[in-house]
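Visitor:
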Amino acid sequence: MAETKNIMIVGVGGQGTLLTSRILGGIILTAGYDVKLSEVHGMAQRGGSVVTFVRYGEKVEEPIVEAGQADVLIAFERLEALRYAHFLKPDGALVVNDQRIDPITVVTGAAKYPDNIIEDLSKSYKVYSVDAAGEALKLGNSRVFNNIVLGVAAQHMDFSKEAWLEVIANTVPPKTVEINQKAFLVGYEK
Amino acid sequence: MSEKKIMLGNEAIARGAYEAGVKVSSAYPGTPSTEISENLVKYPEIYCEWAPNEKVAMEVAIGASISGVRAMASMKHVGFNVAADPMYTVAYIGATGGLVTVVADDPGMYSSQNEQDTRQICRAAQVPVLEPSDSQEAKDYMKLAFELSEEYDTPIVLRTTTRLAHSQGVVVLEDRVVPEDKVYEKNIAKHVMMPGMAIKRHLVVEDRMNRMAEDANTLVVSKEGFAKDMPLNKVEMNDTKIGFITSGIPYTYVKEACPNASVLKLGMVHPLPKKLIEDFASKVDTLYIFEELEPVIEEQVRAWGIKCIGKDAFTVQGEYSANMIRKVVLKQDLQINTPAEAPARPPILCPGCPHRSVYTVLNKLKIHAAGDIGCYTLGALAPLNVVDTTICMGASISSLHGMEMAKGKDYVKDWVAVIGDSTFMHTGVNSLMNMVYNQATGTVIILDNSITGMTGHQDNAATGKTLMGKVVPAINIMGLCKSMGIQHVQEVNAFDIKELEKVIKEEVARDELSVIITKSPCALLKEVHFPNKCVPVPEKCKKCGMCLKPGCPALTKNEDGTISIDATMCNGCGLCKNLCPFDAIEEVAK
Numbered sequence: 001m002a003e004t005k006n007i008m009i010v011g012v013g014g015q016g017t018l019l020t021s022r023i024l025g026g027i028i029l030t031a032g033y034d035v036k037l038s039e040v041h042g043m044a045q046r047g048g049s050v051v052t053f054v055r056y057g058e059k060v061e062e063p064i065v066e067a068g069q070a071d072v073l074i075a076f077e078r079l080e081a082l083r084y085a086h087f088l089k090p091d092g093a094l095v096v097n098d099q100r101i102d103p104i105t106v107v108t109g110a111a112k113y114p115d116n117i118i119e120d121l122s123k124s125y126k127v128y129s130v131d132a133a134g135e136a137l138k139l140g141n142s143r144v145f146n147n148i149v150l151g152v153a154a155q156h157m158d159f160s161k162e163a164w165l166e167v168i169a170n171t172v173p174p175k176t177v178e179i180n181q182k183a184f185l186v187g188y189e190k
Numbered sequence: 001m002s003e004k005k006i007m008l009g010n011e012a013i014a015r016g017a018y019e020a021g022v023k024v025s026s027a028y029p030g031t032p033s034t035e036i037s038e039n040l041v042k043y044p045e046i047y048c049e050w051a052p053n054e055k056v057a058m059e060v061a062i063g064a065s066i067s068g069v070r071a072m073a074s075m076k077h078v079g080f081n082v083a084a085d086p087m088y089t090v091a092y093i094g095a096t097g098g099l100v101t102v103v104a105d106d107p108g109m110y111s112s113q114n115e116q117d118t119r120q121i122c123r124a125a126q127v128p129v130l131e132p133s134d135s136q137e138a139k140d141y142m143k144l145a146f147e148l149s150e151e152y153d154t155p156i157v158l159r160t161t162t163r164l165a166h167s168q169g170v171v172v173l174e175d176r177v178v179p180e181d182k183v184y185e186k187n188i189a190k191h192v193m194m195p196g197m198a199i200k201r202h203l204v205v206e207d208r209m210n211r212m213a214e215d216a217n218t219l220v221v222s223k224e225g226f227a228k229d230m231p232l233n234k235v236e237m238n239d240t241k242i243g244f245i246t247s248g249i250p251y252t253y254v255k256e257a258c259p260n261a262s263v264l265k266l267g268m269v270h271p272l273p274k275k276l277i278e279d280f281a282s283k284v285d286t287l288y289i290f291e292e293l294e295p296v297i298e299e300q301v302r303a304w305g306i307k308c309i310g311k312d313a314f315t316v317q318g319e320y321s322a323n324m325i326r327k328v329v330l331k332q333d334l335q336i337n338t339p340a341e342a343p344a345r346p347p348i349l350c351p352g353c354p355h356r357s358v359y360t361v362l363n364k365l366k367i368h369a370a371g372d373i374g375c376y377t378l379g380a381l382a383p384l385n386v387v388d389t390t391i392c393m394g395a396s397i398s399s400l401h402g403m404e405m406a407k408g409k410d411y412v413k414d415w416v417a418v419i420g421d422s423t424f425m426h427t428g429v430n431s432l433m434n435m436v437y438n439q440a441t442g443t444v445i446i447l448d449n450s451i452t453g454m455t456g457h458q459d460n461a462a463t464g465k466t467l468m469g470k471v472v473p474a475i476n477i478m479g480l481c482k483s484m485g486i487q488h489v490q491e492v493n494a495f496d497i498k499e500l501e502k503v504i505k506e507e508v509a510r511d512e513l514s515v516i517i518t519k520s521p522c523a524l525l526k527e528v529h530f531p532n533k534c535v536p537v538p539e540k541c542k543k544c545g546m547c548l549k550p551g552c553p554a555l556t557k558n559e560d561g562t563i564s565i566d567a568t569m570c571n572g573c574g575l576c577k578n579l580c581p582f583d584a585i586e587e588v589a590k
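Quick mapping for you: the protein sequence lines, in order, are chains F and G.
Reading the first sequence from the start, the letters are residues 1 to 190 in our numbering.
Reading the second sequence from the start, the letters are residues 1 to 590 in our numbering.
(1) Between the stretch 358-365 of chain G and the stretch 373-388 of chain G, are three or more C-beta pairs nearer than 8 Å?
(2) Step through the CB atoms of chain F and report whether any lies within less than 7 Å of the CB of E391 (chain G).
(3) In the stretch 150-169 of chain G, which residues sit with their C-beta less than 9 Å from some C-beta in chain F, listed in chain order?
(4) Give a yes or no on whether 7 Å exceeds the smallest Cβ distance from G57 (chain F) to chain G.
(5) Here's a check: name, in chain order, each residue in its chain whose Cβ is nearer than 6 Å to the Cβ of I242 (chain G), leaving out the five neighbours to either side.
(6) Helix, strand or coil, according to DSSP, for L579 (chain G) in the structure here?
(7) So is I13 (chain G) in contact with chain F if we call contact Cβ pairs under 7 Å?
(8) Where does A198 (chain G) sit, in a helix, a strand or coil, going by DSSP?
(9) Quick one: using the 10 Å Cβ neighbour count with 16 as the cut-off for buried, is V95 (chain F) buried or exposed?
(10) Quick one: which chain G residues come within Cβ less than 8 Å of A111 (chain F)?
(11) Among G:V503, G:M209, G:L525, G:E292, whose alpha-carbon lies nearest the alpha-carbon of I517 (chain G)?
(12) Mapping DSSP to helix, strand and coil, what is N565 (chain G)?
(13) Along the stretch 37-66 of chain G, what residues have a CB closer than 8 Å to any CB found in chain F?
(14) Mind listing which residues of the stretch 255-271 of chain G have their C-beta closer than 9 Å to chain F's C-betas, in chain order?
(15) Can you give the Cα-Cα distance for E131 (chain G) and G453 (chain G), rounded to whole angstroms?
(16) Cβ atoms of I27 (chain F) and V167 (chain F): under 7 Å apart, would you say?
(17) Would you identify the three-state DSSP class for P250 (chain G), choosing helix, strand or coil?
(18) Where does E206 (chain G) sit, in a helix, a strand or coil, going by DSSP?
(19) To the nearest angstrom, how far is the alpha carbon of L144 (chain G) from that of F80 (chain G)?
(20) For the stretch 299-308 of chain G against the stretch 272-282 of chain G, do three or more pairs of beta-carbon atoms, one drawn from each stretch, fall closer than 8 Å, so that the two count as touching?
(21) Confirm, please, whether the CB-CB distance from V170 (chain G) to K4 (chain G) is below 7 Å.
(22) Between the Cα of M8 (chain F) and the Cα atoms of F:I148, F:G47, F:A31, F:L37, which residue gives the shortest distance?
(23) Mind checking which residues open and close the beta strand (DSSP E) that includes P86 (chain G)?
(24) Is there contact here, the stretch 53-66 of chain F with the stretch 312-322 of chain G, by at least three beta-carbon pairs under 8 Å?
(25) Using a cut-off of 7 Å between C-beta atoms, extract the partners of N323 (chain G) located in chain F.
(26) Shorter than 7 Å from the beta carbon of G572 (chain G) to some beta carbon of chain F?
(27) If I measure Cβ to Cβ from Y188 (chain F) and keep anything under 6 Å in the same chain, skipping five residues before and after, which residues do I get?
(28) In the DSSP output, what is K592 (chain G) paired with across the bridge?
(29) Which value, in whole angstroms, describes the spacing of the CA atoms of N210 (chain G) and K55 (chain G)?
(30) Spatial neighbours of I121 (chain G) within its chain, please: CB distance less than 7 Å, with the 5 preceding and 5 following residues excluded, ordered by chain position.
(31) Could you check the C-alpha separation between M433 (chain G) and S483 (chain G) for me, to the nearest Å?
(32) In chain G, which residues lie less than 9 Å from A85 (chain F) when you measure between Cβ atoms?
(33) Starting from P174 (chain F), find everything on chain G with Cβ-Cβ shorter than 8 Å and list it in chain order.
(34) Using a Cβ-Cβ cut-off of 8 Å (strictly less than) and excluding sequence neighbours within five positions of K327 (chain G), which residues of its own chain qualify?
(35) Are the beta-carbon atoms of K533 (chain G) and K590 (chain G) separated by less than 7 Å?
(36) Does the structure place the stretch 23-43 of chain G close enough to the stretch 163-181 of chain F that three or more beta carbon pairs sit under 8 Å?
Dropping the structure here:
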């Protein structure tokens with residue numbers, strides 16, 4: 001692999017983006033690449049916008065993904081997809097969980113939640129949208145939606161299905177391995 | 001051992017301390033330094049603790065060092081101000097056992113009240129500073145810091161930034177090597193800093209800094225136990241048209257944007273290696289100094305008469321990036337899409353947060369709050385709009401006192417101070433002593449949620465548990481306040497809004513000092529379980545909007561004016577239900 005690959009994970013604090021970045025870190029290290037991950041979030045425990053950068057390749061220098069450089073942007077929420085879409089390369093993949101979480105600015109009426117985000121983004125970017133909450137509910141566990149989203153994103157990375165399933169098994173709590181692997185496959189085979 | 005692991009910068013710092021044989025660590029939590037102690041505690045060989053504040057933590061580490069063992073303290077940049085008093089003087093005393101303080105700066109202010117640069121304090125205090133660029137270096141430099149501390153008889157600061165502290169990278173693990181404890185020798189000329197001794201020690205400090213600056217030109221660390229031989233300050237000669245002097249995370253941006261440029265990477269950013277810098281500068285056509293925050297390196301380089309480009313091209317604000325170099329140095333026209341306009345998503349108090357309940361009452365009573373540092377600072381924002389001021393740890397209580405002394409007791413009849421339990425233990429207690437001593441009449445609300453919340457749930461002296469998990473007697477906040485002689489100290493359940501309103505009205509009207517302790521644990525604590533959850537009853541709803549006033553993120557307004565409550569987010573605290581005048585919200589079992 002000549003060039004460093006840039007992945008971004010964005011979402012709302014409390015959505016569990018950390019697990020996704022841990023699985024990503026795990027699979028990259030197993031494949032023998034150099035890797036840097038960087039997560040920065042605001043002051044409160046929950047509710048703010050959170051961003052994780054993941055970079056891997058032969059030798060990774062900076063730990064952040066900069067505007068215009070992301071190969072894959074994984075957005076756990078529509079508005080966050082809109083906020084960070086400009087970080088994508090022209091041919092980058094935008095994987096978006098089709099979920100709406102109102103920020104406090106919308107709740108108080110100070111701002112309006114934009115309509116048709118996915119349609120609008122599709123005009124400028126390659127968008128892969130998934131109703132992960134709905135799919136997770138079908139599996140009978142609403143918490144595994146992250147791995148459904150990750151499954152969709154995994155289609156745009158060069159690791160084998162078996163490698164993903166193995167690293168998921170090594171990362172999630174032992175009792176939830178099967179359901180998390182199933183969730184991943186729902187996204188991966190979509 | 002050559003196991004490789006992905007480690008957070010802070011985790012790598014803890015690992016470095018472990019491998020270096022550290023025996024004692026003391027700290028106060030503060031983003032982005034908190035995970036250092038949270039990882040240190042995983043090594044049972046190390047005694048580690050949360051101290052009530054950074055000054056105490058620093059002094060604990062100093063004591064341990066004097067007794068002959070390797071010791072450390074860790075804190076965020078503003079905490080270093082609190083610890084500055086012991087730091088300035090321990091620079092004179094030096095280190096018996098290696099003494100290292102990790103200080104985390106926050107360029108971009110992701111979680112801080114200012115953007116100060118720790119290197120400036122260290123220059124003033126005459127303390128050497130190391131600055132790593134990634135997790136591997138964070139671990140290596142920690143070990144190096146202890147070596148240098150003992151070799152030069154000096155405290156050392158390891159400076160990090162949010163980006164380093166909260167980035168993960170690959171680290172090669174090595175074994176722990178514990179040096180033999182140094183033997184304590186009574187030596188008042190070195191350990192008792194009164195004028196006669198300190199005058200002589202100041203000369204020692206000057207000599208030491210000069211020696212370190214000289215040695216920094218050539219210092220190569222190649223001792224057993226390190227991951228690799230490390231020149232402390234590393235010259236990478238390439239194309240000589242452009243040269244960079246840089247350190248820390250900005251070094252990685254230079255490598256990213258200009259892989260072919262020449263670089264002098266400083267591992268020690270104070271004191272600086274003059275010869276090495278002069279030599280490097282003479283070999284490149286254009287010299288850039290690429291450092292986040294203040295022009296600390298640049299000012300020194302300019303003072304030596306070396307031409308360079310620094311803050312005239314790069315900002316003193318926020319984080320740097322590779323794109324910044326591409327634009328400014330390489331004059332590249334970056335084709336980046338304009339960011340879309342998206343409503344901001346600021347951090348908010350969690351569903352079920354007891355602070356929201358207290359603020360809802362204060363908002364209703366139109367009371368101003370002198371605020372403090374914690375999650376509850378968020379009460380400054382809409383829709384709560386209660387907090388008027390936030391300065392630093394403990395300042396709520398003392399600034400309220402200042403207002404009263406300036407304008408008289410009637411002026412503070414619609415003011416209170418709000419402060420969390422951990423912040424109260426940190427420095428608020430001193431401010432409250434001052435109110436007692438100087439006969440203030442104001443009202444202090446201690447928002448006791450039984451944890452240090454904002455930094456991610458650390459125990460403190462009032463929670464009854466130590467960092468190492470030992471159950472200990474908790475300092476009783478009410479007893480502490482009463483013992484100072486405060487007559488009016490009341491504890492109220494933070495969610496009992498009727499009682500809270502009554503008590504706050506009574507106490508602000510009173511011409512005597514009073515303390516109200518609003519007690520309810522942080523909603524994110526595992527042991528917090530509200531049995532019910534709230535559900536709307538649309539047919540009773542009059543669309544008055546009362547329930548939406550506290551700004552709970554679980555509630556949204558429907559297009560017809562009624563409300564929805566997100567069942568997965570609702571914590572069941574019942575605040576919205578208690579505010580509804582029409583019984584249009586009810587509690588049902590979870």
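Where a beta carbon is used, it is the ideal one built from N, C-alpha and C, also for glycine.
These figures come from a predicted structure and were not determined experimentally.
Guide: Judging by the given coordinates:
(1) yes
(2) Glu is not the amino acid found at residue 391 (chain G); the sequence shown has Ile there. For I391 (chain G), the answer is no, since every Cβ of chain F falls outside 7 Å of its Cβ.
(3) T162, R163, L164, H166, S167, Q168, G169
(4) no
(5) Listed in chain order, the non-local C-beta contacts of I242 (chain G) below 6 Å within the same chain comprise A261, T286, local neighbours out to five positions each way being set aside.
(6) helix
(7) no
(8) helix
(9) buried
(10) P343, A344
(11) G:V503
(12) The identity of residue 565 (chain G) in the sequence shown is Ile, whereas the question assumes Asn. DSSP, read as helix, strand or coil, puts I565 (chain G) in strand.
(13) none
(14) Taken in chain order, the members of the stretch 255-271 of chain G whose beta-carbon sits within less than 9 Å of a beta-carbon on chain F are K255, E256, A257, P259.
(15) 29 Å
(16) yes
(17) helix
(18) helix
(19) 21 Å
(20) yes
(21) yes
(22) Of the candidates F:I148, F:G47, F:A31, F:L37, the residue whose Cα lies closest to the Cα of M8 (chain F) is F:L37.
(23) It is not in any beta strand (DSSP E) - P86 (chain G) instead sits in the alpha helix (DSSP H) that spans 84-93.
(24) yes
(25) E66, A67
(26) no
(27) G151, A154
(28) Only positions 1 to 590 of chain G appear in the structure, and residue 592 (chain G) is not among them; the question remains open.
(29) 28 Å
(30) F80, A84
(31) 10 Å
(32) Chain G residues near A85 (chain F): N337, P339, A340.
(33) Listed along chain G, no residue sits closer than 8 Å to P174 (chain F) by beta-carbon distance, the nearest being about 20 Å off.
(34) L334
(35) yes
(36) no
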